[in-house]
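In terms of this note's numbering, the sequence shown is residues 22 to 281.
Backbone N, C-alpha and C define an ideal beta-carbon position, used for all residues, glycine too.
None of these values were measured; they are calculated from a predicted model.
One structure is given here, and the rest of the page talks about it.
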Amino acid sequence: MNATLGRKQVNKGNESWQRVVDNIEDLVTREECDRAADAMAERIANATAGKKAAFAWSGGKDSLVLADICKRVGVTKCALFMTHLEFPVFEKWLLEHKPDGCEVIQLPYDLDWMAQHPEMLFPKGKEMQLWHKLVQRRSMIGYFNSAHLDILMIGHRRIDGNTCGKEGYTRRKTGEVLYAPLYDWPHELIFAYIHYHGLEMPPIYGWEKGYFNGTHFWPSRICDSVEQGYREVYAIDPSIVVAAAEKLDSARTFLEGVSA
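Here it is in C-alpha cells:
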C-alpha cells in the first residue's frame, strides 16, 4: 500500500484527494484492502463481544466504512446527530442513506441559537473546539447513557488530527467508553474500502474544500473569515444564506454586498 496523503489540515484543496480517489487501485490492491478489512472486523468483533454496542454515523467517508464493517460483524445499532443548520442537500442524503437501525437525534442548534452566539459562526480556535464539544462529544456521551451502552464506536482517525485515546479507546471517569477502531487507518485505505465495496459517497466531497471540511453543518465550515464562509456557503446553496439573513445581521450584510 502506498500512502501519499498526510494530515488533511495540510491538504485543503480537493485536487490531491481526488487524485488518490481516481488512482486508488494503483495505491491499494484489493488483496491489501481485504486483509485490512478482515483484521478490522476481528478488531470490532473482539471489542464488542458480549457488550451492548453501537456506533455514531455521520455519513462521512470514515463512518461509511465503519458502518459497513460493523454490519458485517452484527453491530447495527447507531445514531445520527443532526442540527437545524444542515446543508439541505446533505441532510436529504443522510436521511436517505442512513443505515438500518440508525436513530436520528435532533440537536437544538438553529438560527435563533446562532443569533444569540454569533461568535460560533465560521469559527476557529476555541470556538471550533466548542462546536466539537457540543455537537460531537456531548451528544455521543448523552446517547451512550440514554441507550445504556457498554461501548460506542466512532469514526475518528489520528491522521485527521483527532485524539483517539490509547489504541483507539477513550474511557471517561464517568464510565463512558468511546472506541475509534479505525484510529490507525490511512486515508488511502478508507478510499480503497469505499471503492472496492461500492459504497456511495455523499455530495459534500464534491464541494470546494470538500475533503478538508468533511461532514459539517454550514455555520461550522472552516474558513478564514465570516465573509469567506458566507461566500462558500452561498456558492453551494444560496437559499441557506437568504434564510439566515432573516435572523443574522452578518448574513444580511453579505447579501447586500452580493446585490450591490
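7 Å Cβ cutoff met for residue i and residue j
i	j	result
Y200	M174	yes
P240	M103	no
V94	I65	yes
S84	G176	yes
G231	N44	no
W228	I261	no
Y130	L101	no
R51	Y217	yes
G189	P202	yes
Nearest neighbour of residue i, chosen from the options [CA to CA]
i	options	result
L87	L170, Y204, G250, A136	Y204
D59	L210, K230, M222	L210
C244	T184, E148, F212, Q137	E148
C91	K268, F111, C185, M61	M61
R242	K72, R56, A213, F108	F108
Q157	H169, D89, H237	H237
K72	P259, A168, K194	A168
Integer Cβ distance of residue i from residue j, believed to fall under 8 Å
i	j	result
I215	A74	So it is not a contact: roughly 23 Å between Cβ atoms.
F76	C99	5 Å
H208	V41	7 Å
M222	K82	7 Å
Whole-angstrom distance between residue j and residue i, CA atom to CA atom
i	j	result
C123	E63	22 Å
D121	E277	44 Å
Q30	D181	Caution applies to Q30, whose pLDDT of 49 falls short of 50 and renders its modelled position unreliable; the value that the coordinates give is listed next. Going from the Cα of Q30 to the Cα of D181 covers about 7 Å.
Y251	L128	23 Å
R303	A272	Limits of the chain in this structure are 22 at one end and 281 at the other, which puts residue 303 out of reach.
N166	K113	28 Å
R192	D133	35 Å
E248	G235	20 Å
F187	A266	Residue identity differs from the one stated: residue 187 is Lys in this sequence, not Phe. Taking the straight line from one Cα to the other gives about 45 Å.
K154	K145	14 Å
L68	V49	A small fix is needed here, since residue 68 is Ala in this sequence, not Leu. Rounded to whole angstroms, A68 to V49 spans 26 Å at the Cα level.
D270	L116	31 Å
S79	V279	33 Å
E140	S246	12 Å
W38	F275	31 Å
K268	Q150	24 Å
P224	Y255	16 Å
F6	W152	One cannot answer for residue 6 here, as it falls past the ends of the chain, which runs 22 to 281.
H138	F111	24 Å
Under the three-state DSSP convention, the category residue i falls into
i	result
K230	coil
F111	helix
A77	strand
Y130	coil
E117	helix
A100	strand
Q39	helix
K187	strand
L87	helix
L106	coil
Y204	coil
M161	helix
I175	coil
heavy atom of the ligand FAD below 6 Å from residue i C-beta
i	result
K230	Only the bare structure without any ligand can be found here, which leaves the ligand FAD out of the picture.
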